[in-house]
Amino acid sequence: MSINFDSALGVHSDALRVHSKRAELLASNLTNADTPNYKARDIDFKDAMKTASSNQSTGIKTTHTNHISTGGGQFTSPDLKYRTIMQDSLDGNTVDEQVEQTQFMENSIKYQASLTFLGSKFKDLLTAVRGD
Amino acid sequence: MSLFNIFDIAGSGMSAQSLRLNTTASNLANVDSVSSSTGETYRARQPVFATVLSNARDGMQEGGVAVNGIVESLAPLRMEHNPSHPMANEDGNIFHSNVDPVTEMANMMSATRSYQNNVEIATTSKQLLLQTLRLGQ
């Protein structure tokens, strides 16, 4: 029986990737809070996780050097969705700084949670390797 | 690692907001500037922000902000008849700049908050990356 990293680490490595991508998106929203006509965007975490975990198993194998890799196991971008706004603004910007900031905060906490889970998984593996 | 892109995004936001702060400072400094002709009078300046898409290749299209240019306010200049003023023209008129101090102060507050937001984002991302580096220890 071999230890497979993908199965040992479970869903957390995918979650980490999705969270880091979402952090980037939310940072982009916050940075463009004063840009006219900018529309705030976000990803649906559930969809993104589905995409991320399905990519892992369905990545097309390259059997020849001329084959183009489809990036199997890599995180491909999920569909971006536009944020529904609560208040219109005159310049067409849909960034609500309060919403984006709380989402960014929540996302970073979840990122840290995934990190903690991953860390304990590695500790488990280490315990298994040492056997003491 | 996409968390590294956040530094570029937040950095572009910080430089854009500091440029906005710069124009605000320039506007406020020239709030009482006068001249003898409409062509020479100081007009309030505002930067124009636009999104730059840094990563359009993979379809995510998250991006920072860039300053597309600086526009001068088209608000009418205030003319004052003051023949004793050293800058008065042959008709005895001087022209005041069209800077609105209230707008500029509001602009300044908005720019400051946005700058702080960007710093906060960069700090949070730094912490996340450092924790990622310590993973498994």
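As you go down the protein sequences, you meet chains A and B in turn.
Under this note's numbering, the first sequence is numbered contiguously, ending at residue 317.
Under this note's numbering, the second sequence is numbered contiguously, ending at residue 133.
Quick reminder that beta carbons are idealized off the backbone N, C-alpha and C, glycines included.
Inset, instruction - Verify whether the separation of the beta carbon atoms of Glu291/A and Asn214/A is less than 7 Å. - result: no
Inset, instruction - With a threshold of 16 other CB atoms inside 10 Å of the CB of Leu303/A, please say whether the residue is buried or exposed. - result: buried
Inset, instruction - Could you check which residue in Gly195/A, Asp317/A, Arg268/A and Gly316/A has the C-alpha nearest to that of Met234/A? - result: Gly195/A
Legend entry - Inter-residue spacing [alpha-carbon to alpha-carbon] between Ala107/B and Ala62/B: 14 Å
Legend entry - Minimum length 3: unbroken beta strand (DSSP E) runs contained in the segment 7 to 95 of chain B: 41 to 47, 61 to 68, 74 to 77 and 89 to 92
Inset, instruction - Please state if the CB of Leu210/A and the CB of Glu58/B are separated by a distance shorter than 7 Å. - result: yes
Legend entry - Through-space distance from Ser198/A to Asp229/A, alpha-carbon basis: 17 Å
Inset, instruction - Can you say whether Glu76/B is buried or exposed, counting buried as having 16 or more other CB atoms within 10 angstroms of its CB? - result: exposed
Legend entry - Cβ pair count under 8 Å reaching 3, the segment 64 to 73 of chain B against the segment 36 to 44 of chain B: yes
Legend entry - 8 Å Cβ shell around Asn78/B - same chain, five flanking residues per side excluded: Ala84, Gly88, Asn89 and Ile90
Legend entry - From Ser22/B, Thr19/B and Ser93/B, residue whose alpha carbon lies closest to that of Pro72/B: Ser93/B
Inset, instruction - State the start and end residues of the unbroken beta strand (DSSP E) segment that holds Leu265/A. - result: Leu265 to Tyr267
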